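Engineer: Sharing a structure below in structure tokens format, with a few things to ask.
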Amino acid sequence: MLQPADFYHLLAKHNIRFFTGVPDSLLKDFCAYVTDHTAQQNNIIAANEGNAVAIAAGRYLALQEISLVYMQNSGLGNIVNPVTSLIDPLVYCIPVLFLVGWRGQPGIKDEPQHAKQGQVTLAQLEVLGIKYAILPDSLAEAQTVMQEALTYMQTHLASFALVVPKGTFAPYSLQNNQQTPYPLTREEALQCLVSQLAATDIVVATTGKTSRELYEYRTALGQSHECDFLTVGSMGHASQIALGIALAKPHCNVYCFDGDGALLMHLGGMAIIGSQMPPNYKHIVFNNGAHDSVGGQPTVGHLIDIPAIAKACGYQTVLQAHSKDEICTQAQVLKESPGPALLEIKIKKGARKDLGRPQTTPVQNKEAFMQFLAKL
Ligand SMILES: Cc1ncc(C[n+]2csc(CCOP(=O)(O)OP(=O)(O)O)c2C)c(N)n1
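Counting with this note's numbering, you get residues 16 to 391 for the letters of the sequence shown.
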């Protein structure tokens with residue numbers, strides 16, 4: 016296994032000292048090392064992977080320095096436009112070093128949302144014209160690959176990707192793990208809110224542990240999962256799936272269970288919700304100020320005023336809650352208030368170690384959900 020510290024020093028030896036990206040569970044040990052050992056202004060956790068490419072491009076324009084952009088392979092979709100129309104050798108010719116976590120690698124067991132992305136990862140890099148190598152898990156071999164990458168980038172002013180299979184990095188625990196003062200975990204907050212919902216309320220839940228916790232809670236209550244759409248992939252798009260449903264089913268209440276990282280990834284969606292004004296739209300943001308599902312790396316969720324953004328986007332009702340009592344009260348207000356409405360629940364990081372995963376496939380989830388919607 017490659018020690019995160021060794022890889023970090025290898026990058027530094029080649030003058031790569033600026034980091035930006037969106038965290039990934041396969042890179043969590045390396046990202047944690049970067050967080051602990053890099054000045055905050057030299058490690059920017061971006062809103063989405065495309066933004067990270069643009070930040071790296073700006074850095075290069077200002078200082079002629081190559082940056083490292085870290086991401087899960089599911090972020091490849093988000094980088095297509097800035098890769099093809101900004102940094103490509105046919106346009107501005109700006110080199111970027113990518114570190115790409117390879118979820119869904121063929122032959123390695125993974126969750127269904129990673130299957131397609133895992134299969135097409137190398138082909139996507141090829142079609143984008145990004146030369147790549149698999150990052151070896153021994154330091155000596157990693158040094159050789161890094162030398163090859165640097166020579167290529169400097170000679171051609173083109174980008175290079177290091178693709179990281181599962182288990183490449185040795186464990187490293189974040190030392191600088193700041194906790195927030197909020198009393199509830201996401202699971203406690205979610206359970207409290209779900210207990211206030213009616214049987215006909217529709218829920219679209221975001222990527223990561225939110226969907227997993229919702230699934231487990233329904234099972235624990237002996238309830239069916241048919242009213243929940245579990246957005247297992249497609250980070251940042253749950254709010255717009257919910258918008259599509261809310262506009263098509265104006266007589267039903269549609270709840271989006273969002274995360275702060277996912278909300279930030281495509282924040283522009285809030286402006287569309289606000290301007291469409293669906294009165295039946297209820298946006299719940301479980302804000303732990305972190306990418307909790309992939310290692311707890313910070314977001315700016317606790318530094319910005321999400322209700323104020325919602326208000327400015329045209330949401331009719333904006334609410335906040337921190338405790339179980341407040342969630343119960345605000346859930347009632349939410350029911351009676353005009354939408355689109357947003358309830359921000361500020362929570363602390365963390366999840367149960369033994370949290371399970373949905374036992375149904377995405378297609379089974381979709382079919383049951385569509386049958387449920389068809390009855391309403
Ligand atoms: C485009 C894309 N980039 C990165 C990921 C990896 N990923 C999965 S969940 C997650 C964190 C989500 O954070 P947030 O929405 O705040 O929810 P939390 O896990 O904190 O509850 C990330 C980065 C992904 N699935 N898709």
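Positions of the beta carbon are idealized from the N, C-alpha and C atoms, including for glycine.
Quick caveat, the model's predicted, so the values are computed rather than measured.
CB-CB under 7 Å to Thr376, same chain, minus the five flanking residues each way: which ones, in chain order?
Structural biologist: Pro127
Engineer: Suppose only complete runs of 3+ residues qualify. What are the beta strand (DSSP E) ranges in the stretch 253–303, listed by chain order?
Structural biologist: 269–274 and 296–302
Engineer: Taking the alpha carbon of Ile123 as the reference point, which residue from Lys181, Leu154 and Ala155 has its own alpha carbon closest?
Structural biologist: Lys181
Engineer: Whose CA, out of Ser352, Leu357 and Val348, lies closest to the CA of Val333?
Structural biologist: Leu357
Engineer: Decide if the stretch 201–218 is in contact with the stretch 169–186; the criterion is three or more beta carbon pairs, one per stretch, under 8 Å apart.
Structural biologist: no
Engineer: Measure the alpha-carbon distance for Lys363 versus Leu199 and round it to whole angstroms.
Structural biologist: So the two alpha carbons sit approximately 6 Å from each other.
Engineer: Pro293 to Glu382, Cα distance in whole Å?
Structural biologist: 25 Å
Engineer: Expressed to the nearest angstrom, what Euclidean distance is found between the alpha-carbon atoms of Ala277 and Ala67?
Structural biologist: 15 Å
Engineer: Mapping the DSSP letters down to three states, classify His306 as helix, strand or coil.
Structural biologist: Strand.
Engineer: May I have a chain-ordered list of the beta strand (DSSP E) segments no shorter than 3 residues that lie completely inside the stretch 317–364?
Structural biologist: 332–336 and 356–361
Engineer: Would you kindly report the start and end of the unbroken alpha helix (DSSP H) that includes Val378?
Structural biologist: Pro377 to Lys390
Engineer: Please name the residue in Val106, Tyr23, Lys297 and Thr35 whose C-alpha comes closest to that of Gly65.
Structural biologist: The shortest Cα separation from Gly65 among Val106, Tyr23, Lys297 and Thr35 belongs to Thr35.
Engineer: Buried or exposed, going by whether 16 or more other CB atoms sit within 10 Å of the CB of Arg367?
Structural biologist: exposed
Engineer: For His24, is the classification buried or exposed, using 16 other Cβ atoms within 10 angstroms of its Cβ as the cut-off for buried?
Structural biologist: exposed
Engineer: Flag this pair as yes or no: are the beta carbons of Gly144 and Gly133 separated by less than 8 Å?
Structural biologist: no
Engineer: To the nearest angstrom, how far is the alpha carbon of Asn302 from that of Thr159?
Structural biologist: So the alpha carbons of these two residues sit roughly 42 Å apart.
Engineer: Ligand 1 and Met250: does any heavy atom of the ligand fall closer than 7 Å to the residue's C-beta?
Structural biologist: Under cutoff, so the answer is yes.
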